[in-house]
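>
Protein chains: 2
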Amino acid sequence: MQKSRVTLLNDMHFEGELDGFKINLDADTEFGGKNSGPRPKGLLLTSLTGCTAMDVISILRKMRSEPEEFYVEAQAEQTETHPKIFKAITVIYYFKGGNVTEEKAKKAIDLSLENYCGVSAMLSKSTPIDYKIVIDK
Amino acid sequence: MQKSRVTLLNDMHFEGELDGFKINLDADTEFGGKNSGPRPKGLLLTSLTGCTAMDVISILRKMRSEPEEFYVEAQAEQTETHPKIFKAITVIYYFKGGNVTEEKAKKAIDLSLENYCGVSAMLSKSTPIDYKIVIDK
Numbered sequence: 749m750q751k752s753r754v755t756l757l758n759d760m761h762f763e764g765e766l767d768g769f770k771i772n773l774d775a776d777t778e779f780g781g782k783n784s785g786p787r788p789k790g791l792l793l794t795s796l797t798g799c800t801a802m803d804v805i806s807i808l809r810k811m812r813s814e815p816e817e818f819y820v821e822a823q824a825e826q827t828e829t830h831p832k833i834f835k836a837i838t839v840i841y842y843f844k845g846g847n848v849t850e851e852k853a854k855k856a857i858d859l860s861l862e863n864y865c866g867v868s869a870m871l872s873k874s875t876p877i878d879y880k881i882v883i884d885k
Numbered sequence: 749m750q751k752s753r754v755t756l757l758n759d760m761h762f763e764g765e766l767d768g769f770k771i772n773l774d775a776d777t778e779f780g781g782k783n784s785g786p787r788p789k790g791l792l793l794t795s796l797t798g799c800t801a802m803d804v805i806s807i808l809r810k811m812r813s814e815p816e817e818f819y820v821e822a823q824a825e826q827t828e829t830h831p832k833i834f835k836a837i838t839v840i841y842y843f844k845g846g847n848v849t850e851e852k853a854k855k856a857i858d859l860s861l862e863n864y865c866g867v868s869a870m871l872s873k874s875t876p877i878d879y880k881i882v883i884d885k
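Chains U and F supply the protein sequences, listed in that same order. For the record, in the first sequence the residue sitting at position 65 is 813 according to this note's numbering, with numbers rising by one throughout. For the record, in the second sequence the residue sitting at position 33 is 781 according to this note's numbering, with numbers rising by one throughout.
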């Protein structure tokens with residue numbers, strides 16, 4: 749059983765709990781937020797990037813291609829009307845060093861997005877997800 | 749444009765960035781994690797609870813029914829096979845004080861889940877979401 753709770757502190761500031769860790773959340777300033785934490789919807793992107801990044805680094809390590817630097821960034825535009833959802837998500841995978849080739853990166857990413865990453869499996873039912881690979885040589 | 753990035757620190761420990769805030773993430777210990785942060789998939793539940801909690805408190809304030817205590821918790825079981833997704837999500841809305849009735853709570857929650865909360869709009873495409881109301885008198 750997975751669970752997470754958010755508790756109202758004041759105004760629009762909530763304290764989230766997940767796996768024993770605290771995550772502050774706050775609304776946009778236009779809705780009474782005071783920037784006490786990130787906005788909740790963006791956590792979907794943090795969840796997606798974290799999930800696929802962990803898959804990809806595990807697979808690359810099995811291929812004996814550990815990058816020296818690795819980050820994953822997700823970018824999304826929202827719809828104009830309520831409920832505001834992500835129209836599309838682009839995920840950028842950045843690798844530097846460690847013998848990571850375009851071919852190995854693509855294999856690891858496709859395994860993640862198609863077979864392993866539960867977050868992309870869920871979000872892709874509502875929002876198309878595409879990706880780009882950046883290899884910094 | 750919304751965006752979030754996770755950057756590898758070491759092992760399976762990533763540092764997430766969202767709206768200028770840092771969120772540490774780590775894998776389960778069975779996948780090499782060392783509990784340096786929560787697991788990424790659970791952030792979907794933090795995102796959902798934060799999103800709907802902000803809607804509900806805003807609506808209750810407009811109804812002049814501010815609870816003295818308010819939290820929202822989401823619980824979900826995962827599938828056994830990859831990709832592991834949430835089979836169903838139950839959201840528990842807890843209110844104490846402030847003249848919050850079952851009827852007002854239900855109205856606020858239904859407005860959130862049906863009209864406003866983009867996170868539930870997205871997740872409900874892959875996973876059924878139901879809810880319970882707890883009013884502590």
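We treat Cβ as the ideally placed atom computed from N, Cα and C, and that holds for glycine. Nothing here was measured: the structure is a model prediction, and the numbers come from that model.
Touch check for the region 767–780 of chain U and the region 846–854 of chain F: three-plus C-beta pairs under 8 Å?
Not touching, per the Cβ criterion.
> Take F/Ile-805 as the anchor and find which of U/Ser-860, U/Asn-758, U/Thr-838, U/Met-870 has the nearest alpha-carbon.
Taking only the C-alpha atoms, the option nearest F/Ile-805 is U/Asn-758.
> Please confirm whether F/Val-848 has its beta-carbon closer than 9 Å to some beta-carbon of chain U.
No - not a single Cβ of chain U is within 9 Å of the one on F/Val-848.
> Rounded to whole angstroms, what is the Cα-Cα separation between U/Glu-821 and U/Lys-789?
Going from the Cα of U/Glu-821 to the Cα of U/Lys-789 covers about 15 Å.
> By how many angstroms is the C-alpha of F/Ala-801 removed from the C-alpha of F/Val-835?
Strictly speaking, residue 835 of chain F in this sequence is Lys, with Val absent from that position. Each residue's Cα considered, the two are about 22 Å apart.
> Does U/Arg-787 have its Cβ less than 9 Å from a Cβ in chain F?
Yes - at least one Cβ of chain F is within 9 Å of the one on U/Arg-787.
> Under 7 Å between beta-carbons, which chain U residues line up against F/Val-867? List them in chain order, please.
Neighbours of F/Val-867 on chain U, chain order: Pro-788, Lys-789, Leu-792.
> Which residues in chain F sit within 9 Å of U/Pro-876, going by Cβ to Cβ distance?
Chain F residues near U/Pro-876: none, gap ~12 Å exceeds 9 Å.
> Per DSSP, F/Gly-768 forms a beta bridge with which residues?
In DSSP, F/Gly-768 forms no bridge with anything.
> Would you be able to state if there are at least three C-beta pairs under 8 Å between the region 868–875 of chain F and the region 835–845 of chain F?
Yes: the two stretches touch, three or more of their Cβ pairs being nearer than 8 Å.
> Can you give me the C-alpha to C-alpha distance between F/Asn-772 and F/Arg-787, rounded to a whole angstrom?
Their backbone Cα atoms lie some 9 Å apart in a straight line.
> Would you please state the rounded distance, in angstroms, between the beta carbons of U/Ser-752 and F/Thr-797? I believe it to be under 8 Å.
About 6 Å; that satisfies the 8 Å criterion.
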